[in-house]
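Colleague: To start, I am sharing the structure in question, which I have written as structure tokens.
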Amino acid sequence: MTDSASASLSSRTVLVTGATSGIGFATARQLAERGATVLVHGRTAGEAQAATDRLIATEGIDGARLCGFAADFTCLEEVEAMARRVVAEHPELDVLVNNAGMAAPERHTVTADGNEVAFQVNFLAHYLLTCLLEPALAGERGGRVVNVSSSLHRTASIQWSDPQRARRYSRLAAYAQSQLALTVFAADPRVTAVSVHPGICETDLLPLYATAGASAEEGARHVVRLCDPAVEVVNGAYYDCDQCVDPAPAATDARTLKRLNKLAGQLVGYGA
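Residues 19 to 290, numbered by my numbering, are exactly what the sequence shown covers, in order.
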């Protein structure tokens, strides 16, 4: 059996969103150390470049295996532009790691696209990106998507009549809803996808969970493991760290997935 902790990924190309800090940065580093070509996403070109420079200067990564990409996920037009560039430059993408995330703000906040900000950044932007990258992921080698989700998806419900939570807002409920949506989306049959809760880690999201956690490096190991083609996965599976477990019931409900795809398609202007 292949040792997933050390096996080479030299033939793989992986896009990691939110790769400038925390689990995303650690994931990019570990993938590059194993030989993968890593597309490092940041909110701005400057942030993406700073992350790649740091990987080269302090982590000893070969710069030839790194490429920066920028898109502010609060702007869906930027997501579309980045997707076009990825497809043009990397027509065969092996893995998309949907990692970028934010804690919902204290007060209800809406993006210029009209969406509650955490719902857009944590889910809708990744929904749109995944749909637009489907041609690159559906190559002969069979790409996959790894959604970095959260155990808090179990506490959530999708407010179908008010997904933007304009009538009743709670930052924790808004964050949890975005994570449930991302977990449900992993069951979409168009591209093989899984979700993973990487554990409670020392990142900017830690205050949502606890006062202490594991390192971002440890959380990233659970993500990187699922990027390895030697690790067989079932579409829609959910992992708590390295254990495949049942997600919230809504995450495996076909009607919920169909309804979510319709809603997301309407909100991002992309047909499901």
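Here a beta-carbon is modelled for each residue, glycine too, at the ideal position from N, C-alpha and C.
Kindly indicate the opening and closing residues of the beta strand (DSSP E) around D71.
Modeller: Within the sequence shown, residue 71 is the residue found at index 53, counting from 1. It is not in any beta strand (DSSP E) - D71 instead sits in the alpha helix (DSSP H) that spans 63-75.
Colleague: Once DSSP output is grouped into helix, strand and coil, what is the label at H59?
Modeller: Here the question's residue 59 lines up with position 41 in the sequence shown. In this structure, H59 counts as strand in the three-state DSSP scheme.
Colleague: Of all the options R103, E98, H126, T173, which has the alpha carbon lying nearest to the alpha carbon of L57?
Modeller: As a position in the sequence shown, residue 57 is number 39, starting the count at 1. Residue R103 is the option with its Cα nearest to L57.
Colleague: Give the straight-line distance between the Cα atoms of P153 and V32, rounded to the nearest whole angstrom.
Modeller: Reading the sequence shown from its first residue, position 135 is the one you call residue 153. Reading the sequence shown from its first residue, position 14 is the one you call residue 32. Approximately 15 angstroms, taken between the alpha carbons.
Colleague: Can you give the Cα-Cα distance for P247 and V164, rounded to whole angstroms?
Modeller: In the sequence shown, residue 247 corresponds to position 229, counting from 1. In the sequence shown, residue 164 corresponds to position 146, counting from 1. Going by the C-alpha atoms only, they are around 12 angstroms apart.
Colleague: Which runs of the alpha helix (DSSP H) fall wholly inside the segment 166-217 and span at least 4 residues, in chain order?
Modeller: 189-203
Colleague: Taking 6 angstroms as the limit between beta carbons, can you name the residues of its chain near C149, skipping five residues before and five after?
Modeller: As a working note, residue 149 is residue 131 in the sequence shown. Around C149: Y288.
Colleague: Assuming T18 and N253 are in contact, meaning their beta carbons sit under 8 angstroms apart, how far apart are those beta carbons, in whole angstroms?
Modeller: In the structure displayed, the chain extends from 19 to 290; residue 18 sits before or after that span and is not available.
Colleague: Please report the residue range of the alpha helix (DSSP H) in which F43 lies.
Modeller: Sequence index remark: in the sequence shown, residue 43 carries index 25 (1-based). Its alpha helix (DSSP H) spans residues 40-51.
Colleague: Between which two residues does the beta strand (DSSP E) carrying V34 extend?
Modeller: Indexing the sequence shown from 1 puts residue 34 at position 16. Residues 31-34.
Colleague: Using the Cβ count rule (16 or more neighbours within 10 Å means buried), how would you classify P181?
Modeller: As a first step, residue 181 must be located in the sequence shown, where it is residue number 163. Buried, since its Cβ has 16 or more Cβ neighbours within 10 Å.
Colleague: Please work out which residues of its chain come closer than 7 angstroms, Cβ to Cβ, to A208, disregarding the five sequence neighbours upstream and downstream, and give them in chain order.
Modeller: Against the sequence shown, residue 208 aligns to sequence position 190. Here residue 208 is Arg; the residue named in the question, Ala, does not match the sequence. For R208, where only same-chain residues beyond five positions count, the Cβ hits under 7 angstroms are E152.
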